[in-house]
Amino acid sequence: PAIDEDNLPDFVTSAGRPIAIPYNGAVARVLFGPIAFSRVRQWIANGNFDVLHLHEPAIPSISLLACWAAEGPMVGTFHAAAKRQKVTFAVAPILEPVIEKLTARIAVSEAARETLTEHLETDAIVVPNGIYADLYRDGVIDQRWTGNTLGFIGRFEEKRKGLDVLVAALPSIIAKFPDLKVFVAGPGDAQEVLKEIDPYLHARFEFLGRISESEKANFLASVGLYIAPNTGGESFGIILAEALAGGASVVASDIPAFDSLLGHGAYGTLFASEDSQDLAKKVIALLGDEEGRRVIAQRGKKYAQEFDWDFVAEKIYDVYEMAMVGGSRVTLSSENRAWNKFLGRQS
């Protein structure tokens, strides 16, 4: 899907404009329908692909349409980690043929794999999301963000990102560190968020808006602690991998995906999810222990190399080779039973 179809690189084909829908505590942009399906079929017919790699093929958007439209080697990557919902039962008859067509399946984490197993009763190989570790490793310390500072990156207006948990922890932290500052980067309306925060805390916050990748690297290299207070709906936590690569000392909620990524506390500090007092306790301890922060940050920085694209791409390529064992190529499907079933037609 593409909002702006006029400024796309030559290698990108647009299937049309997406629509925004609430999904898993966030907003997903999806595209579905006969026009998109026609464009996807044309793209496959002209592509001469060795393998088709589809992200979230169980969500009603382009990947699902591509899976219906194609035959041959197909790899599906599943990102979501969510509790089973009623809608899962409703769409199961449509999704089952899709899952069966996939030659190989990847889950980005154990949490995503467990969701796939529970919802669709199938399994997957775990291959993490990739980052450009060198970009974050080379971040430059910016004195504006150093000292007794807390950093937060994300869509801060989304409840599941947990900014309110951090806000609730601040009075206890400020009592110990009166010069504390909180820097928030990411999209959202800062003024709307500040309306929900006690005015006496407003001066503690600086909202940076969207920042570039190079600015993010500098930010992560500079802040005293990086805070990830997310309350759920996360299957991986790519910002945590980036923070570790950037040398940040990370404090994160103990939701399953974060607990796993941080090695159950080996590479970052975990606090009880949605427990602001536990978060305050962990932050106070770390801000008072510069050497402890340095040690765990160095350990995390080394570990983050496991998420570098040089390593992750090799694992994905291994899955491609497994998918292509039969020697066939991607072709256009000659039947559309799943699409017809979705439309209520007789096949």
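The numbers in my numbering rise by one with no breaks, and the one at position 261 of the sequence shown is 251. Just so you know, even glycine gets a beta-carbon here, dropped at the ideal spot from N, CA and C. None of these values were measured; they are calculated from a predicted model.
For the pair residue 191 and residue 170, the CB atoms are not nearer than the 7 Å cut-off. Taking 8 Å as the upper bound for CB-CB distance, residue 118 and residue 98 are in contact here, some 6 Å apart. Separation of the CB atoms of residue 242 and residue 230 is rounded to 6 Å, and the pair is thereby assigned contact status at 8 Å. The DSSP assignment places 139 to 143, 171 to 175 as complete runs of the beta strand (DSSP E) inside the stretch 118 to 179, in order along the chain (cut-off: 3 residues).
Taking C-beta separations shorter than 7 Å and ignoring five residues to either side along the sequence, the partners of residue -5 in its chain run 4, following chain order. Ranked by Cα distance from residue 280, the first of 239, 91, 155 is 239. Annotated as distal: residue 195 and residue 213, with beta-carbon spacing of 7 Å or more. Within its own chain, the residues whose Cβ lies closer than 7 Å to the Cβ of residue 114, once the five positions on either side in sequence are excluded, are 68, 95, 96, 97, 103, 106, listed in chain order. In this structure residue 167 is not in contact with residue 153, their Cβ atoms being roughly 19 Å apart against a cut-off of 8 Å. Within the stretch 47 to 75, the runs of alpha helix (DSSP H) that reach at least 4 residues and sit entirely inside it are, in chain order, 52 to 59. The beta carbon of residue 237 is closer than 6 Å to those of 211, 287, 291 in its chain, skipping five residues each way along the sequence.
The three-state secondary structure of residue 282, taken from DSSP, is helix. Assignment of residue 10 by DSSP, reduced to helix, strand and coil, places it in the strand class.
Around the beta carbon of residue 36, a 10 Å sphere encloses fewer than 16 other beta carbons of the protein chains shown; the residue is thus reported as exposed. Using a Cβ-Cβ distance cut-off of 8 Å, the stretch 308 to 327 and the stretch 59 to 73 are in contact, since at least three pairs of beta carbons, one from each stretch, lie closer than that value. Counting only the Cα atoms, residue 19 lies some 26 Å from residue 93.
Rounded to whole angstroms, the separation of the alpha carbons of residue 84 and residue 215 is 45 Å.
Here the alpha carbons of residue 22 and residue 219 stand approximately 33 Å from one another. Following the DSSP letters along the chain, one finds residue 103 inside the alpha helix (DSSP H) bounded by residues 100 to 110. Straight-line measurement puts the Cα of residue 43 at about 28 Å from the Cα of residue 233.
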